[in-house]
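What follows is a short report on a single structure.
Chains as they are written, first to last, in the numbering used here: chain G, 22 to 432; chain Z, 22 to 432.
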């Protein structure tokens with residue numbers, strides 16, 4: 022007798038928690054991902070800013086699922102889903118047949134039709150991108166130290182973050198700390214404390230999902246850390262030497278893109294119309310209309326009033342697994358209900374904002390809560406210990422231990 | 022009044038210890054390196070085999086020298102030395118004038134006239150190379166798990182290390198441990214324990230600088246760990262699918278080069294004939310004949326009966342600095358005398374060989390000494406704590422925390 026085949030595409034929070042929730046189910050599970058690791062994305066900005074090393078926030082999926090005997094992990098990339106055929110077509114053309122499919126392919130950077138900006142302003146979705154950003158940031162100070170021309174030096178000492186969401190705010194706050202504290206006293210020709218960190222946001226406030234009061238508090242905390250916050254500026258051009266906003270121009274050699282993501286293109290192969298953000302509309306049980314055997318979870322799923330954050334993806338992943346188990350047992354599926362445990366965004370040392378239930382608070386208490394929550398949720402116990410000791414060390418010394426330029430930046 | 026200008030090329034053990042020994046000297050010191058970090062090379066094989074992360078064994082030179090007010094660090098690459106002109110010419114064509122020059126440029130991988138082998142068999146000299154090797158090793162198991170053809174699967178599960186010196190022995194021993202322990206139970210289609218690790222050495226024993234008895238002990242320890250040791254085999258070809266030794270052929274998708282290094286090409290620009298290994302012959306005070314203002318230290322210096330190991334480079338670096346200080350004080354220079362504190366080579370868990378004075382020992386006591394010595398010498402205190410906790414964790418769990426494939430391997 023052979024078990025029903027379940028395929029899960031993607032090993033982010035949605036895919037991994039779905040896989041683990043199928044631990045005891047009588048299925049043959051195949052989990053695919055184009056990388057070999059689950060990534061703790063909420064801390065990816067720390068890798069990009071040299072606070073943590075890549076392995077600190079990632080764990081091999083193979084190791085996490087090692088003891089789950091019904092699961093096979095394959096490091097392959099899905100090209101498209103053939104919904105009629107019940108098969109996932111891989112990049113190499115081979116096919117993976119399924120009885121149930123969970124699509125947890127997440128999102129990718131989105132440049133609003135200006136893909137040519139990507140080379141000058143990398144986004145922050147993968148470890149490779151985080152290391153590329155780290156290299157660019159560290160290399161900029163090295164170039165500034167060498168530069169003879171004052172204008173060139175100023176451009177190397179200007180750091181622009183485009184986008185005032187959670188990622189942009191975290192990056193800008195940390196960049197300011199690096200300039201003012203981490204690098205202090207280590208250069209002879211430049212003063213890193215004079216570096217400019219500019220956060221550009223198109224709307225009229227940072228952190229739009231939060232209340233206007235918290236957005237205002239976040240902006241003030243950013244400015245206290247040394248970040249220049251420009252609101253209501255629309256970026257119209259990004260090139261190797263800076264950013265253009267309509268008639269305005271800011272020269273900078275380092276630009277980071279945190280202004281937008283769109284859902285994985287895989288969503289468009291499911292045969293249903295996707296929404297403007299590329300997300301797949303789903304039924305209340307998380308399945309695709311007309312295809313109860315395909316469930317979509319995480320950033321790729323369009324579920325009303327559910328934010329694109331890790332806890333939501335986890336809950337959807339677990340719920341999709343639950344509904345597959347119920348179908349196997351001949352039971353009716355249950356509708357997905359999002360449990361809102363609140364939202365937290367960190368800005369920098371002792372600076373954060375929090376919305377927990379009806380509570381809204383900011384500053385040190387919010388930062389402490391953020392710290393504890395993130396250490397707690399780092400999946401792997403080993404990581405938790407190491408990250409804690411590294412953070413304690415960095416907090417007292419202002420040092421960032423991953424300040425390593427492995428290869429020169431790509432030109 | 023301006024101070025004499027001292028330039029140091031290279032921030033390995035020789036260059037860094039020379040710079041630190043000039044801490045209180047009345048000089049204007051410029052330290053250049055093509056990377057931004059000092060690398061603890063004795064543990065580089067641990068990065069290549071996923072035991073440590075890159076930042077664990079590296080520290081920004083700028084941070085190490087941050088408080089040394091007479092020192093400026095520049096991340097630039099030297100192209101050549103113009104000895105007559107007392108200037109170092111950089112890659113961008115600009116020049117750095119010196120009154121004293123310490124050349125500590127080290128060594129590079131050497132393929133004995135077969136540079137085309139480099140693409141198929143990366144060597145282990147830099148962090149970038151270590152991460153490339155790590156990616157290839159981890160990716161090989163992923164490919165094996167996917168492979169349908171038994172012959173292809175076998176080639177992905179064969180790992181060849183060319184060269185039986187200290188680096189080759191460390192790599193082979195660790196590769197065997199990964200196959201037999203780290204990955205156990207995590208694959209469904211292959212048994213990683215069946216992977217073959219073959220160490221190929223041209224001479225008739227591994228670890229030639231050690232006594233024949235210790236070489237034999239090392240060989241036996243390697244075989245006990247699961248390594249196949251082939252002695253007296255000369256490699257005549259390396260390609261994408263394996264290694265040829267005369268009429269013999271071994272198919273393997275992963276080949277690592279540990280068979281040889283040659284001195285930095287910078288040595289050939291000093292205007293004196295170099296030896297067969299590209300090393301620069303030096304006077305007893307470590308200066309270049311006819312150029313008392315140029316001193317050569319570390320792997321680049323040809324000093325009789327001084328091994329190419331970190332402690333020797335440190336001693337030479339300190340001695341070169343001492344002799345510059347003596348020249349500034351109008352004192353006669355002192356001849357360099359190498360203090361031999363012994364040599365240690367690790368092979369794997371509880372396996373190592375040691376020669377300390379007249380003592381020769383192997384196995385667990387040698388391994389323990391190796392462990393303590395390496396933790397002690399890791400330059401930076403933070404690193405020491407983190408590495409210790411990581412090793413303790415790995416020792417008990419057999420896990421290797423840096424098992425992360427950041428980008429797919431280059432084709």
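Ideal Cβ positions, reconstructed from N, Cα and C, are used throughout, including at glycine.
Check: 3 or more residues per run - each beta strand (DSSP E) lying fully within the segment 329-376 of chain G; Outcome: 364-369
Check: Residues within the segment 42-74 of chain Z neighbouring chain G, beta-carbon criterion of under 7 Å; Outcome: 56, 57, 58 and 74
Check: Length of the line joining the Cα atoms of residue 78/Z and residue 257/Z; Outcome: 34 Å
Check: Candidates 312/G, 112/G, 106/G and 165/G, of which the one nearest residue 118/G by Cα; Outcome: 106/G
Check: Inter-residue Cα distance where the pair is residue 283/G and residue 383/G; Outcome: 29 Å
Check: The alpha helix (DSSP H) enclosing residue 79/Z, as first and last residue numbers; Outcome: Run containing residue 79/Z: none in the alpha helix (DSSP H); it sits in the beta strand (DSSP E), 79-81.
Check: Cβ neighbours of residue 104/Z in the same chain (closer than 7 Å, five flanking residues each side left out); Outcome: 291, 292, 312 and 315
Check: Integer Cβ distance of residue 337/G from residue 322/G, believed to fall under 8 Å; Outcome: 6 Å
Check: Boundaries of the alpha helix (DSSP H) in which residue 239/G is found, first to last residue; Outcome: 233-246
Check: Min CB distance residue 84/G to chain Z below 8 Å; Outcome: yes
Check: Below-8 Å beta-carbon distance, residue 116/Z vs any chain G residue; Outcome: no
Check: Where residue 356/G falls, given that 16 or more other Cβ within 10 Å makes a residue buried; Outcome: exposed
Check: Contact check, residue 247/G vs residue 218/G, beta carbons under 8 Å; Outcome: yes
Check: Coil, strand or helix - residue 56/Z by DSSP; Outcome: coil
Check: Span separating the alpha-carbon of residue 146/G from that of residue 155/G; Outcome: 13 Å
Check: Where the beta strand (DSSP E) through residue 325/Z begins and ends; Outcome: First-last for residue 325/Z: undefined, no H or E at that position.
Check: Residue 76/Z: contacting residues in chain G (beta-carbon distance under 7 Å); Outcome: 74, 422, 423 and 425
Check: Exposed unless 16 or more other CB atoms sit within 10 angstroms - verdict on residue 63/G; Outcome: buried
Check: Interface flag, residue 93/G vs chain Z, CB-CB below 8 Å; Outcome: yes
Check: Same chain, Cβ closer than 6 Å to residue 179/Z, neighbours up to 5 away in sequence not counted; Outcome: 217 and 273
Check: Simplified DSSP assignment, three categories, for residue 119/G; Outcome: coil
Check: Reduced DSSP secondary structure (H/G/I, E/B, other) of residue 20/G; Outcome: One cannot answer for residue 20/G here, as it falls past the ends of chain G, which runs 22 to 432.
Check: Boundaries of the alpha helix (DSSP H) in which residue 68/Z is found, first to last residue; Outcome: 65-69
Check: Chain Z residues whose Cβ lies nearer than 7 Å to that of residue 87/G; Outcome: 206 and 207
Check: Per DSSP, cross-strand counterpart(s) of residue 278/G; Outcome: 183/G
Check: Unbroken stretches of the beta strand (DSSP E), 3 residues or longer, contained in the segment 186-226 of chain Z; Outcome: 217-221
Check: C-alpha distance - residue 276/G paired with residue 395/Z, whole-angstrom precision; Outcome: 40 Å
Check: Environment of residue 215/G [buried if 16+ CB atoms lie within 10 Å]; Outcome: exposed
Check: Chain G contacts made by the segment 129-154 of chain Z, where a contact means CB separation under 7 Å; Outcome: 148, 149 and 152
Check: Under 7 Å by beta carbon: chain G residues contacting residue 428/Z; Outcome: 149
Check: Backbone CA spacing between residue 113/G and residue 30/Z [nearest angstrom]; Outcome: 47 Å
Check: Neighbourhood of residue 138/Z by C-beta distance below 6 Å, restricted to the same chain and skipping five residues each side; Outcome: 132 and 259
Check: Simplified DSSP state of residue 294/Z, which is helix, strand or coil; Outcome: coil
Check: Cβ of residue 285/Z within 8 Å of any chain G Cβ; Outcome: no
Check: Same chain, Cβ closer than 6 Å to residue 42/Z, five either side skipped, listed in chain order; Outcome: 339 and 342
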